[in-house]
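In the working numbering, the protein residues as written are 106 to 220. Glycine is no exception: its CB is placed at the ideal position from the N, C-alpha and C atoms. Contents: one structure, followed by commentary.
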Amino acid sequence: QVQLMESGGALVQPGGSLRLSCAASGTIVGLIAWAWYRQAPGNEREWVAFGTWGGNTRYDESVKGRFTISRDNAKNTVYLQMNSLKPEDTAVYYCNVKNPWGTTWGQGTQVTVSS
């Protein structure tokens with residue numbers, strides 16, 4: 106079974122940028138869609154952005170215009186470029202990928218936005 110590993114989380118000042126990566130351990134057969142979620146302390150996990158094999162992308166209103174989801178098929182990696190970061194973006198960020206047989210999640214990477 107393919108495993109996902111997120112990386113790129115860090116402590117960053119407000120207004121800064123980060124790029125999160127989500128690397129798959131192998132090719133995901135029948136890939137349909139991929140997404141990023143986040144979970145802040147005391148909150149439920151919430152959807153941030155997703156992309157589909159057909160080329161569609163969607164973003165939560167709170168990150169629209171600041172975050173960009175992308176995928177490098179050759180590297181089996183999904184990215185989340187995050188610009189103009191705000192303290193309220195602080196959370197553990199998780200990626201997932203979906204194929205006809207189910208959804209696979211990564212273990213998460215911590216993003217902290219603070220001065």
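Quiz item: What span of residues does the beta strand (DSSP E) with Asn201 cover, start to end?
Solution: Ala196 to Asn204
Practice problem: Inspect the beta-carbon positions of Ile137 and Thr157 and report whether they are closer than 8 Å. | Solution: yes
Quiz item: Are the CB atoms of Ala129 and Ala140 nearer to each other than 8 Å?
Solution: no
Quiz prompt | Proximal residues to Asn188 (C-beta, below 7 Å), its chain only, five neighbours per side dropped | solution = Ser122 and Arg171
Quiz prompt | CB of Gly211 within 8 Å of CB of Leu109, strictly | solution = yes
Quiz item: Roughly how many angstroms separate the alpha carbons of Thr195 and Tyr164, rounded to a whole number?
Solution: 17 Å
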